[in-house]
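This report refers to the structure that appears directly beneath it.
Number of protein chains: 2
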Amino acid sequence: MQTLHVDLGERSYPIHIGRGLLNQPELILPHLKRKQVAIVTNTTVAPLYLEKLAQPLRDAGVKVIPIILPDGEAYKNSATLNLIYDALLENRCERSTTVIALGGGVIGDLTGYAAATYLRGVPFIQVPTTLLSQVDSSVGGKTGINHPLGKNMIGAFYQPQVVLADIDTLSTLPERELSAGLAEVIKYGLIRDEPFFAWQESNMQKLLALDTEAMSYAIYRSCENKAEVVAADERESGERALLNLGHTFGHAIENAMGYGVWLHGEAVAAGTMLAADLSRRLGWLSDDDIKRIVAIFTEARLPVHAPALGVERYLDLMGLDKKVVDGQIRLVLQQGIGKSLVSSEYDAQLLRETLAIAA
Amino acid sequence: MQTLHVDLGERSYPIHIGRGLLNQPELILPHLKRKQVAIVTNTTVAPLYLEKLAQPLRDAGVKVIPIILPDGEAYKNSATLNLIYDALLENRCERSTTVIALGGGVIGDLTGYAAATYLRGVPFIQVPTTLLSQVDSSVGGKTGINHPLGKNMIGAFYQPQVVLADIDTLSTLPERELSAGLAEVIKYGLIRDEPFFAWQESNMQKLLALDTEAMSYAIYRSCENKAEVVAADERESGERALLNLGHTFGHAIENAMGYGVWLHGEAVAAGTMLAADLSRRLGWLSDDDIKRIVAIFTEARLPVHAPALGVERYLDLMGLDKKVVDGQIRLVLQQGIGKSLVSSEYDAQLLRETLAIAA
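Same order as they appear, the protein sequences are chains A and B. Start counting the first sequence at 1; every next residue gets the next number (the working numbering). Start counting the second sequence at 360; every next residue gets the next number (the working numbering).
Right, dumping it as structure tokens:
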């Protein structure tokens, strides 16, 4: 097991990465205020992993309240959030009750937001069971839900007490979701870590085969990259925006196609290609860089072509995005592999050209 | 105008107290990230004060988005919260848009919670228009909504950029609401400031008559007391719980009678009398102390008798309260006027006797 410490002053916490972590209650017990936890999970994850996590805790004398939600991005909304509140209240959970998220990004976001807002905040533990949530939602404290008018529009910054990233849970992950998680791994290389990107070029087949050593390294280094960015900018005013490479385009794609039709990582991959295309038009990325990016996404079985929504629809959907300042669309763009910047200083016509070739 | 500085490190902010503040946009302008605000208010306050606040801002070049909600505690729920989110999204409000709460405690709590959670947090300004909200919700950063199973069960700690407590707005406040606000003023004397309590005994008629000097002093000293407590304990783990004198009983009363039937301050007054009765049974308050408390509440036209709900119903309702640790009901009790403590170390039978005489 490896442990990464996310340094956020009094909100610091450890991320444990390895195999068999669900069955190690000693990683959780020191963080409990009292021996009572609510485990929030979904109908897909519950039959696979709920008892693996719950039984050792019960054996250690912890009262476990399971809260099982429907599965899917479509349920990341206020109605599902209310199911969590209702269950916590019906079980008279108090401020000393710890809420544990067991599942992927949707469960983590929903549960973290419920923990942030139930009784104005109760302790929270993350047990991410998808690669995407292990490398992305584990770090940064972003929680929230979707609104009919936009993704992640309602939420809070809220840090967990501890994160357990158990690689064993990836063995039941559908291939498509594994690839979607790799999109975020690739992102860290692209935005700030060229050596990591080069390592991925040599190790993508091992990652796809769930090789223990390679996967542990990829998760650790992804979280480390994200933690460095977040520690410097917890509330997303500056550098943290780089983590949104491909996301402004990606959110537009997810929104237009209907949440859950494209996986988040798939939309991010296609969105990253749009950002790369615009960066190339600005003269910041070479044709060779583009080839490397296309190659790695393709090897990771990710889409490199965004859907044809039309320029105006893209612009409209992007205008609702949170990364907008004074009506200008700020985008994360690249200046080579491993180097990125946030800019609204680009020729609007070039953005239209990029969007026009989508599809 | 007097200004009190609430010291919370990087979340510090000023409270301005005086007359004619709505018409002083220069108190707001320095706090705006961009010249766009959403003013959230209700159908009662809007005709009285919305334009008084909005027009000077518009004259200063600020775009004003009014959001007018139905009035009443019954609307402090997720449905009304969604009306705010919808309006912010429909107007494409961004992270640089400041949200202003113009109204009483319900508007302040709802709006503050919307500001805390919209796009994971946007800047927030409080313009409280009731005495209760001026002396209570102005300080402490508590925001939130009610749940069908309990009051203020969902929320966040979120600090404003600035608070404007304009005494002019009290001139349109119904007499009953003025008294409800005085319940919280009296509370500060009771829990930690005997000289302030004694001052109130001499000045209650001036306060009821809205004497400018007396009212400014009462608001300033109430906020000062609360700010001292909150600065020492922003997230309510210790001393801050003293601010809940009468509230555990009071919330039970509000809940049982239906939100809004008893005003919050009325329920707090009756709840404070229950806490005082239990304190007397414990030998911590003298009969003379009880007489002084009854006298000041009575002079302030507040109820001193709690409704007869029955002992079991009280205990059941109190068991859902946030101030519960490990199943024990912790209560704020008094050890003389101006001295209070939080305790679960009391004879449960004495609590039952106190509840049995309610009514």
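Quick reminder that beta carbons are idealized off the backbone N, C-alpha and C, glycines included. Computed from a predicted model, the values in this text were never measured in an experiment.
- Cutoff 7 Å: phenylalanine 483 of chain B Cβ touching any chain A Cβ: Position 124 of the second sequence, counting from 1, holds the residue named residue 483 of chain B. Judged by the 7 Å Cβ criterion, phenylalanine 483 of chain B is not in contact with chain A.
- In this structure, does DSSP put leucine 363 of chain B in helix, strand or coil? Here residue 363 of chain B refers to the residue found at position 4 when the second sequence is read from its first residue. The answer is strand: DSSP assigns leucine 363 of chain B an E or B state.
- Query: Should alanine 654 of chain B go down as buried or exposed, given a rule of 16 or more other Cβ atoms within 10 Å for buried?
  - Reply: Within the second sequence, the letter at position 295 stands for residue 654 of chain B. Looking at its Cβ environment, which holds fewer than 16 other Cβ atoms inside 10 Å, alanine 654 of chain B is exposed.
- So with Cβ pairs under 7 Å, would you call threonine 725 of chain B a contact of chain A? The structure shown has nothing for residue 725 of chain B, since chain B only spans 360 to 718.
- Measuring only between beta-carbons, confirm whether threonine 117 of chain A sits less than 7 Å from chain B. Here residue 117 of chain A corresponds to residue number 117 of the first sequence, with the count starting at 1. Yes, because at least one Cβ of chain B sits closer than 7 Å to the Cβ of threonine 117 of chain A.
- Task: Find the residues of chain B that neighbour alanine 300 of chain A, judging by a C-beta separation of less than 9 Å, and give them in chain order.
- Result: The residue you call residue 300 of chain A lines up with position 300 of the first sequence. Those do not exist, as alanine 300 of chain A stays about 29 Å from chain B at its closest Cβ, beyond 9 Å.
- Task: Answer with buried or exposed for proline 487 of chain B, where buried requires no fewer than 16 other C-beta atoms within 10 angstroms of its C-beta.
- Result: The residue labelled residue 487 of chain B in the question sits at position 128 within the second sequence. So proline 487 of chain B counts as buried.
- Buried versus exposed call for histidine 305 of chain A [16 or more other C-beta atoms within 10 Å across all chains shown]: For the purposes of this step, residue 305 of chain A is taken as residue 305 along the first sequence, with counting starting at 1. Counting Cβ neighbours within 10 Å, histidine 305 of chain A comes out exposed, since fewer than 16 surround it.
- Message: Please give me, in chain order, every unbroken run of the alpha helix (DSSP H) with length at least 4 that falls completely inside the stretch 558-621 of chain B.
- Response: 571-591 and 606-616
- Where arginine 301 of chain A and arginine 176 of chain A are concerned, what is the direct C-alpha to C-alpha distance, given to the nearest angstrom? In the first sequence, counting from the first residue as 1, residue 301 of chain A sits at position 301. In the first sequence, counting from the first residue as 1, residue 176 of chain A sits at position 176. Straight-line Cα distance between these residues: approximately 8 Å.
- Task: Find out if the Cβ-Cβ distance for the pair isoleucine 17 of chain A, isoleucine 186 of chain A is shorter than 7 Å.
- Result: The count along the first sequence starts at 1 and reaches residue 17 of chain A at position 17. The count along the first sequence starts at 1 and reaches residue 186 of chain A at position 186. Result no, Cβ atoms of isoleucine 17 of chain A and isoleucine 186 of chain A do not sit closer than 7 Å.
- Query: Is threonine 44 of chain A helix, strand or coil when you go by DSSP?
  - Reply: Here residue 44 of chain A refers to the residue found at position 44 when the first sequence is read from its first residue. Correct three-state label for threonine 44 of chain A: coil.
- Message: Going by beta-carbon coordinates alone, are serine 133 of chain A and glycine 112 of chain A separated by less than 7 Å?
- Response: For the purposes of this step, residue 133 of chain A is identified with residue 133 of the first sequence, where counting begins at 1. For the purposes of this step, residue 112 of chain A is identified with residue 112 of the first sequence, where counting begins at 1. No, the Cβ-Cβ distance between serine 133 of chain A and glycine 112 of chain A is not below 7 Å.
- Item | Local conformation of valine 99 of chain A per DSSP, three classes | For the purposes of this step, residue 99 of chain A is identified with residue 99 of the first sequence, where counting begins at 1. Three-state DSSP puts valine 99 of chain A in a strand.
- Message: Cutting at 6 Å between CB atoms, please list the residues of its own chain near leucine 315 of chain A, excluding the five before and the five after it.
- Response: Residue numbering aside, residue 315 of chain A sits at position 315 when the first sequence is read from its first letter. Answer for leucine 315 of chain A: no residue qualifies.
- Does leucine 508 of chain B have its Cβ less than 7 Å from a Cβ in chain A? Locating residue 508 of chain B in the second sequence gives position 149, where the first residue counts as 1. Yes, leucine 508 of chain B lies at the interface with chain A (some Cβ there is under 7 Å from its Cβ).
- Message: For a test of the three-state rule: what should DSSP assign to alanine 308 of chain A, helix, strand or coil?
- Response: Within the first sequence, the letter at position 308 stands for residue 308 of chain A. Coil.
- Neighbourhood of aspartate 289 of chain A by C-beta distance below 8 Å, restricted to the same chain and skipping five residues each side: On the first sequence, position 289 is the one that residue 289 of chain A refers to. So the list reads Ala276, Arg280, Gln334, Gly336 and Ile337, once near-sequence residues are dropped.
- Message: Once DSSP output is grouped into helix, strand and coil, what is the label at threonine 631 of chain B?
- Response: Counted from its first residue, the second sequence places residue 631 of chain B at position 272. Here threonine 631 of chain B sits in helix by DSSP.
- Local Cβ density within 10 Å of isoleucine 15 of chain A, reported as buried at 16 or more and exposed below that: What you label residue 15 of chain A is simply residue 15 of the first sequence in a count that begins at 1. That one is buried.
- Task: For leucine 447 of chain B, I'd like the list of residues in its chain whose CB is within less than 7 Å of its CB, leaving aside the five on either flank, ordered along the chain.
- Result: For the purposes of this step, residue 447 of chain B is taken as residue 88 along the second sequence, with counting starting at 1. Result list for leucine 447 of chain B: Ala397 and Tyr477, in chain order.
- Task: Return helix, strand or coil for lysine 339 of chain A, following the three-state DSSP convention.
- Result: The residue labelled residue 339 of chain A in the question sits at position 339 within the first sequence. In this structure, lysine 339 of chain A counts as coil in the three-state DSSP scheme.
- Task: Specify whether the stretch 162-180 of chain A and the stretch 21-28 of chain A touch according to this definition: at least 3 beta carbon pairs, one from each stretch, less than 8 Å apart.
- Result: yes
- What number of angstroms, rounded off, separates the C-alpha of serine 496 of chain B from the C-alpha of glycine 503 of chain B? The count along the second sequence starts at 1 and reaches residue 496 of chain B at position 137. The count along the second sequence starts at 1 and reaches residue 503 of chain B at position 144. Spanning the two alpha carbons is a distance of roughly 11 Å.
- Exposed or buried, glutamine 205 of chain A, counting other C-beta atoms within 10 Å across all chains shown (16 or more means buried)? Counting from one through the first sequence, the residue named residue 205 of chain A turns up at place 205. By the neighbour-count rule (16 or more Cβ atoms within 10 Å), glutamine 205 of chain A is not buried but exposed.
- Task: Give every residue of the same chain whose Cβ lies closer than 6 Å to the Cβ of tryptophan 360 of chain B, excluding the five residues on either side of it in the sequence, and list them in chain order.
- Result: Numbered from 1 along the second sequence, position 1 holds the residue referred to as residue 360 of chain B. Residue identity check: residue 360 of chain B is methionine in the sequence provided, not tryptophan. Excluding positions up to five away in sequence, the list reads His375 and Gly377.
- Using the rule of at least 16 other Cβ atoms within 10 Å of the residue's Cβ for burial, across every protein chain shown, is serine 12 of chain A buried or exposed? The sequence position of residue 12 of chain A within the first sequence is 12, counting from 1. It is exposed - the Cβ of serine 12 of chain A has fewer than 16 other Cβ atoms within 10 Å.
- Using a C-beta to C-beta distance shorter than 9 Å, which residues of chain A count as neighbours of lysine 501 of chain B? Taking the second sequence and counting its residues from 1, the one referred to as residue 501 of chain B is at position 142. By Cβ distance, chain A contributes Arg120.
- Task: Decide yes or no for the touch test of the stretch 41-52 of chain A against the stretch 93-105 of chain A: beta carbon pairs closer than 8 Å, at least 3 of them.
- Result: yes
- Within the 7 Å Cβ cut-off, does alanine 79 of chain A reach chain B? On the first sequence, position 79 is the one that residue 79 of chain A refers to. So, not an interface residue.
- Decide if the stretch 505-525 of chain B is in contact with the stretch 479-486 of chain B; the criterion is three or more beta carbon pairs, one per stretch, under 8 Å apart. yes
- Output, in chain order, the set of chain B residues within a Cβ distance shorter than 7 Å of leucine 50 of chain A. Indexing the first sequence from 1 puts residue 50 of chain A at position 50. In chain order: nothing, as chain B lies at least about 25 Å away.
- Please go through the same chain and pick out, in chain order, the residues whose beta-carbon is closer than 7 Å to the beta-carbon of threonine 172 of chain A, but skip the five residues on each side of it. Taking the first residue of the first sequence as 1, we reach residue 172 of chain A at position 172. Only Leu48 meet the Cβ criterion.
- Item | Supposed close pair leucine 537 of chain B, leucine 490 of chain B - CB separation, criterion 8 Å | Here residue 537 of chain B refers to the residue found at position 178 of the second sequence. Here residue 490 of chain B refers to the residue found at position 131 of the second sequence. Sure, about 6 Å apart at Cβ, within 8 Å.
- Item | Three-state secondary structure (DSSP) of valine 465 of chain B | Numbered from 1 along the second sequence, position 106 holds the residue referred to as residue 465 of chain B. Valine 465 of chain B: helix per DSSP, three-state reduction.
- Query: Is asparagine 91 of chain A helix, strand or coil by DSSP?
  - Reply: Within the first sequence, the letter at position 91 stands for residue 91 of chain A. If DSSP states are grouped into helix, strand and coil, asparagine 91 of chain A belongs with coil.
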